[in-house]
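J.: Encoded as structure tokens, here's the structure I'll be asking about.
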Amino acid sequence: MTKVNAIHNSILETIGDTPIVKLNRLFNSHKNVFAKMEGHNPGGSIKDRTAIQLLEHAFCTGELKEGDHVIESSSGNMAIGLAQACLYYGLSLTVVVDTMANKHTLKILKAYGANIDMVKEPAPLGGFLTARLNRVQALVDKTHNSFWPNQYGNPQNPLAHKQTMKEILDALDGKLDYMFAATSTCGTLMGCANYILDNNLDTKIIAVDAVGSVIFGDTPQERKIPGHGAGRPSTFLCKSIVDDVIHVSDADCVDGCRNLLNKEAILCGGSSGAVVSAVGRYLTQIPTEANCAMILCDRGERYLDTIYNDEWVNDNIFNPQMIAV
1 MTKVNAIHNS ILETIGDTPI VKLNRLFNSH KNVFAKMEGH NPGGSIKDRT
51 AIQLLEHAFC TGELKEGDHV IESSSGNMAI GLAQACLYYG LSLTVVVDTM
101 ANKHTLKILK AYGANIDMVK EPAPLGGFLT ARLNRVQALV DKTHNSFWPN
151 QYGNPQNPLA HKQTMKEILD ALDGKLDYMF AATSTCGTLM GCANYILDNN
201 LDTKIIAVDA VGSVIFGDTP QERKIPGHGA GRPSTFLCKS IVDDVIHVSD
251 ADCVDGCRNL LNKEAILCGG SSGAVVSAVG RYLTQIPTEA NCAMILCDRG
301 ERYLDTIYND EWVNDNIFNP QMIAV
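Under full-length UniProt numbering, the first residue of the sequence shown is numbered 1, with each subsequent residue one higher.
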């Protein structure tokens, strides 16, 4: 693990080695619950790991060179991870987002100099994700010296998160009974699962998916909180090495975020709230002394106008006018 007082040659070298916090107040009867604080990455989320892995691998293979134009679809955090890395490496970046992208994220992207391409209508099949990917392909086809990292299908995505899992196990001296991770591309989930499989560990991995996400075969349903779940299947997912899945609603995400904040003073985003709620629901199946870890994917400042805003929650979660994702 990197020493705290180490001198780094770039901001990108500070990605990873994020802290782990024991959650002593959130779950009364289970004291061995640990949170991997991915919001401590310089771009504010676990997607910093994915972004740097995809770009650096592409540099190594010659698919990408300084001055090229990177084009990617993102609901938020991956866009910021790419924007930070692209600015450092001298790459142009266009991020294809949709109307669910929060305003704070868009402001961060503009500060980094990213171009924003907004998709306003979902595809009939696959919702906004398919619409964004269609737009990415159209932009790549017409843009000279363009590169699509393809976080949805590039095997470097899950490979990046084998390191995430290693950091968790190293911190806990290899003693981990349950691991909870949110779904989206499923890069994080499968990176963790593959590390467990490769090292013949007994750790059970529990996926946390959104109600209305099709990743684990749930009936498609409209959602308001981006960042976990998806409107189309994951390229990476291997269900046989995932021990269980829990589906959580938008309301569960809000409750989880606010419980985490009120009891542990940790301000995190929507997928983190989903994982917190899932762990709370699953603890009845877990021995009291078992070691459980969860990944808190990002910081909560980007959600102050939504998840942590009572008016937005009342209008969109409890009295919603739903839109497709």
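Note that the Cβ used here is the ideal one computed from N, Cα and C, for glycine as well.
Would you report the Cα separation of residue 321 and residue 224, rounded to the nearest angstrom?
T.: Low confidence applies to residue 321: its pLDDT is 49, below 50, so where it sits in the model is not reliable, and the reading given next is rough at best. Their Cα atoms are separated by approximately 9 Å.
J.: Taking only the alpha-carbon atoms, compute the straight-line gap between residue 306 and residue 300 and give it to the nearest angstrom.
T.: Between residue 306 and residue 300, the C-alpha separation is close to 10 Å.
J.: Hey, quick one: how far does the alpha helix (DSSP H) through residue 257 stretch, first residue to last?
T.: 250-264
J.: Restricting to Cα atoms, I'd like to know which of 13, 139 and 172 is closest to residue 88.
T.: Nearest option by C-alpha distance: 13.
J.: Using three-state DSSP, classify residue 30 as helix, strand or coil.
T.: Here residue 30 sits in coil by DSSP.
J.: My output table needs one value for residue 135: the three-state DSSP class, helix, strand or coil.
T.: helix
J.: What does the alpha-carbon distance come out to for the pair residue 21 and residue 40?
T.: 12 Å
J.: What span of residues does the alpha helix (DSSP H) with residue 162 cover, start to end?
T.: Run containing residue 162: 156-171, per the alpha helix (DSSP H) assignment.
J.: Can you round the beta-carbon distance between residue 100 and residue 128 to whole angstroms, since I take them to be within the 8 Å contact cut?
T.: Beta-carbon to beta-carbon, residue 100 and residue 128 are separated by about 7 Å, close enough to satisfy the 8 Å threshold.
J.: Determine which residues share a DSSP beta bridge with residue 72 and list them.
T.: Paired residue(s): 95.
J.: Considering only their Cβ atoms, is the gap separating residue 98 from residue 70 smaller than 9 Å?
T.: no
J.: Beta-carbon within less than 8 Å of residue 144's beta-carbon, same chain only, minus the 5 sequence neighbours each way: which residues are those?
T.: 69
J.: In angstroms with no decimal places, state the Cα-to-Cα distance between residue 311 and residue 140.
T.: 39 Å
J.: Which two residues bound the contiguous beta strand (DSSP E) that contains residue 77?
T.: For residue 77, no beta strand (DSSP E) run applies; the uninterrupted alpha helix (DSSP H) run containing it begins and ends at 77-89, by DSSP.
J.: Can you give me the start and stop residues for the beta strand (DSSP E) that residue 293 sits inside?
T.: 292-296 is the extent of the beta strand (DSSP E) around residue 293.
J.: Assign residue 186 to one of three DSSP states: helix, strand, or coil.
T.: Looking at residue 186 - three-state DSSP - the assignment turns out to be coil, as it is neither helix nor strand.
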